[in-house]
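K.L.:
Have a look at this one.
Protein chains in written order, with the numbering used here: chain X, 49 to 279; chain B, 860 to 1284.
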């Protein structure tokens, strides 16, 4: 963290690497959603227009698979980084879900209906972020496995009976829908529409948030940085 | 030399005798020559009550070249004298009894006997009058390659269609010209291609809704099988063929899948049996509630197929993907319960293997394009239900969470404003 950042009251929240990973993820998820849902909802006129735009179902499949492979590479890179690098390990610690997150969640509910006096104090990642992160991770793993099974259907059916592939197809589609719902209703609200960040939390582009915002939304992280002398 | 002269003399005597005999006959029945005295005149005509004129000219050469050219005028116009008034109607039945009899029972024949009949073809309507030729004569109106034009002369006529409401749509009939049969006879000049009379019959032609008609549903397979014998043999053994022969009127006959006058090659994109159109053609019956319930057929075969990769691919023109016929067969379709059926469970691996060369026995372990119900596909049904509930619940919870958060902010801000202090965030 440079002096200039401190002087302007800014704190780094996302390093460049995470920003790149996030941006790649965003673009690829959009491509996958457009190509995937147009197939899932192929009865819909808009879906049909999109498939035609993509050059038919065959090309749609190629685009979908290229994006999927890139996404998996991105995820694999992220996984290794989280497990092996110093920065990743620290982030990983911050992301582990514990009993405390459930308590925080319940306390926030109580607080909002006026039954609790204090809002829970979050570290770098509160229950909202953790839910988002782990939801996306589990979803990505599931959707990748089922995607591979469907991609190599002849190979898959040497290992599994056809009805397993039928299930894989359903899981793949609905898992995509689930991811979309989480991103749409949860993530976009939290990083764009939430009153504390509206119209946008800039950290996914600049990597920075204001120290004041951090103090209000993630007080434990704020305290930690202060103790470490970074603030 | 002497001998030759004697021959000439004999010939002259015989000729004179013949001429004399003819002259005697002339008094009662005129010969062709006498008739042509008047009817050979191109300007001879008669005024009709409606102000039009009718030419009474007969082209002698045409007549001589006709199949009846060797007879005489009075063979048909028995009451003709020279000169004469209006003659009686010519009847062909004197010689062509069988044809007349079957014509009398035909749609044309019955109509002709009614009072309002006009424009209904009698014998002359198709065969001509003085110029009738043998059916096999390429110049004949009813020669195989000419018969379509002869029939269409009336059946393409909108005025006629308007007059006789039960006549089929002239556009539909005229579509024959662009059909595979029509092009084969008209463009390629093949005499083996089906023309009107091959399907509809000739003198005894009947509308398709009469059971005796060659084009009645129950007679169609046999009728098409006259030429497509190998296909008929397959069809007879199929579930559709057996059903049809068993008196199930809903069971499809040739025309239900292929069309009638509009039949085109299967490779033509407009053909109902084109690779792209097969699913829609089959679903014409197999997605129909009435038919699937009546015959206890599996439901939603079409919509469930259209949701598979095969269905979607075909829908978007990837005709390499399997359509109904790829797995079920074409004319030889059998129910999956039949051990000989290509979709019998024992044969599935082989059938799938046509396109998936490495198909394992696992291909047969599961159901293919069935209705998603607990009975038919419990696994898929359960997973779908789980996700549907899970995602819906999640959306509701998200919305509640957001609502609650905004509600909390709003109440705190109001409380803060009342107490004069800044409310908590």
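Beta carbons: idealized from backbone N, C-alpha and C, even for Gly.
Does the beta-carbon distance from residue 1148 of chain B to residue 1162 of chain B come in below 8 Å?
P.N.:
No; because the gap between Cβ atoms is not below 8 Å, this pair is not in contact.
K.L.:
Looking at the structure shown, is residue 114 of chain X part of a helix, part of a strand, or coil, going by DSSP?
P.N.:
Residue 114 of chain X: helix per DSSP, three-state reduction.
K.L.:
Using only the alpha-carbon positions, how far apart do residue 1048 of chain B and residue 1081 of chain B sit?
P.N.:
C-alpha separation (whole angstroms): 25 Å.
K.L.:
Output the boundary residues of the beta strand (DSSP E) element that contains residue 1020 of chain B.
P.N.:
Segment 1017 to 1022 is the alpha helix (DSSP H) holding residue 1020 of chain B; no beta strand (DSSP E) there.
K.L.:
What residues of chain B sit near residue 248 of chain X, judged by a beta carbon separation below 9 Å?
P.N.:
Ordered by position in chain B, no residue passes the 9 Å Cβ test against residue 248 of chain X, which lies about 17 Å from the chain.
K.L.:
In whole angstroms, what separates the C-alpha of residue 156 of chain X from that of residue 1150 of chain B?
P.N.:
So the two alpha carbons sit approximately 58 Å from each other.
K.L.:
Which runs of the alpha helix (DSSP H), 4 residues or longer, sit entirely within the stretch 1126 to 1204 of chain B?
P.N.:
Runs of the alpha helix (DSSP H) inside the stretch 1126 to 1204 of chain B: 1137 to 1145, 1148 to 1153, 1160 to 1165, 1168 to 1174 and 1183 to 1187.
K.L.:
Near residue 1045 of chain B, what residues of its chain come up, given a Cβ to Cβ distance below 8 Å and the 5 sequence neighbours on each side ignored?
P.N.:
Excluding sequence neighbours, residue 1045 of chain B sits near 1004, 1007 and 1036.
K.L.:
Assuming residue 1175 of chain B contacts residue 105 of chain X under a Cβ cut-off of 8 Å, what Cβ separation, rounded to an integer in Å, is found between them?
P.N.:
Confirmed, about 4 Å.
K.L.:
Can you tell me where the alpha helix (DSSP H) holding residue 1251 of chain B begins and where it ends?
P.N.:
Run containing residue 1251 of chain B: 1237 to 1278, per the alpha helix (DSSP H) assignment.
K.L.:
Going along the chain, which residues of its own chain have a beta-carbon closer than 7 Å to the beta-carbon of residue 964 of chain B, five neighbours each way excluded?
P.N.:
Cβ within range, chain order: 1063.
K.L.:
I'd like to know if residue 222 of chain X contacts chain B, where contact means its C-beta is closer than 8 Å to some C-beta of that chain.
P.N.:
Output row for residue 222 of chain X: interface = yes.
K.L.:
To the nearest angstrom, how far is it from the Cα of residue 1207 of chain B to the Cα of residue 107 of chain X?
P.N.:
When rounded, the distance between both Cα atoms is 29 Å.
K.L.:
Compare the beta carbon distance of residue 266 of chain X and residue 172 of chain X with 8 Å and say whether it is the shorter of the two.
P.N.:
A contact, by the Cβ cut-off of 8 Å.
K.L.:
With 7 Å as the C-beta to C-beta threshold (strictly closer), list the residues of the stretch 97 to 110 of chain X near chain D in chain order.
P.N.:
Judged by its chain identifiers, the structure shown contains no chain D, and its protein chains are X and B.
K.L.:
For residue 223 of chain X, count neighbouring C-beta atoms within 10 Å of its own C-beta (all shown protein chains included) and say buried if the count is 16 or more, exposed if not.
P.N.:
Classification for residue 223 of chain X: buried.
K.L.:
I'd like to know whether the C-beta of residue 89 of chain X is nearer than 8 Å to at least one C-beta of chain B.
P.N.:
Residue 89 of chain X does not count as touching chain B.
K.L.:
Along the chain, where does the alpha helix (DSSP H) containing residue 72 of chain X start, and where does it finish?
P.N.:
Start and end: 64 to 88.
K.L.:
Please check if any C-beta of chain X sits within less than 8 Å of the C-beta of residue 1060 of chain B.
P.N.:
Chain X contact via Cβ: absent.
K.L.:
Out of X:170, X:235, X:161 and X:80, which has the shortest C-alpha to C-alpha gap to residue 148 of chain X?
P.N.:
Minimum Cα distance to residue 148 of chain X is reached at X:170.
K.L.:
Can you tell me where the beta strand (DSSP E) holding residue 913 of chain B begins and where it ends?
P.N.:
From DSSP, the beta strand (DSSP E) with residue 913 of chain B extends over 912 to 914.
K.L.:
What do you get for residue 1227 of chain B, buried or exposed, if any count of 16 or more other CB atoms within 10 angstroms of its CB means buried?
P.N.:
Result: buried.
K.L.:
Do you know how far the Cα of residue 262 of chain X is from the Cα of residue 275 of chain X?
P.N.:
Residue 275 of chain X and residue 262 of chain X: Cα-Cα distance of roughly 14 Å.
K.L.:
Under three-state DSSP, which class holds residue 277 of chain X?
P.N.:
Looking at residue 277 of chain X - three-state DSSP - the assignment turns out to be coil, as it is neither helix nor strand.
K.L.:
Residue 243 of chain X touches chain B at which residues, Cβ-Cβ below 7 Å?
P.N.:
Those are 1268, listed as they occur along chain B.
K.L.:
What are the complete alpha helix (DSSP H) segments, minimum 4 residues, inside the stretch 194 to 265 of chain X?
P.N.:
Entirely contained in the stretch 194 to 265 of chain X, the alpha helix (DSSP H) runs reaching 4 residues are, in chain order, 201 to 207, 210 to 229, 251 to 254 and 259 to 265.
K.L.:
For residue 214 of chain X, which residues in chain B fall below 8 Å Cβ to Cβ?
P.N.:
1225, 1226, 1236, 1238 and 1239, listed in chain order.
K.L.:
Ordered along the chain, which non-local residues of its own chain (more than five positions away) have a Cβ less than 6 Å from that of residue 1211 of chain B?
P.N.:
Correct list, in chain order: 1218 and 1222.
K.L.:
If I measure Cβ to Cβ from residue 885 of chain B and keep anything under 7 Å in the same chain, skipping five residues before and after, which residues do I get?
P.N.:
Legend: pLDDT at residue 885 of chain B = 47, less than 50; position of this residue unreliable, no value from coordinates given.
K.L.:
State buried or exposed for residue 954 of chain B, treating a residue as buried only when at least 16 other CB atoms are found within 10 Å of its CB.
P.N.:
It counts as exposed.
K.L.:
Could you confirm whether any beta carbon from chain X is found closer than 8 Å to the beta carbon of residue 1171 of chain B?
P.N.:
At least one chain X Cβ lies under 8 Å of residue 1171 of chain B.
K.L.:
Output, in chain order, the set of chain B residues within a Cβ distance shorter than 8 Å of residue 66 of chain X.
P.N.:
By Cβ distance, chain B contributes nothing, its closest Cβ being about 25 Å from residue 66 of chain X, past 8 Å.
K.L.:
Using the Cα positions of residue 1051 of chain B and residue 1134 of chain B, report the straight-line distance between them to the nearest angstrom.
P.N.:
C-alpha separation (whole angstroms): 26 Å.
K.L.:
Please decide whether residue 1281 of chain B counts as near chain X, where near means a Cβ-Cβ distance under 8 Å.
P.N.:
Summary for residue 1281 of chain B: the model assigns pLDDT 47, below 50, so the residue's position carries little reliability; its value from the coordinates is reported in the next sentence. So, not an interface residue.
K.L.:
Identify the contact partners of residue 1285 of chain B in chain X, using a Cβ-Cβ distance below 7 Å as the criterion.
P.N.:
It is not possible to answer for residue 1285 of chain B, since the shown part of chain B is limited to 860 through 1284.
K.L.:
Indicate whether residue 1120 of chain B and residue 1032 of chain B have their beta-carbon atoms separated by less than 8 Å.
P.N.:
Yes, they are a contact pair.
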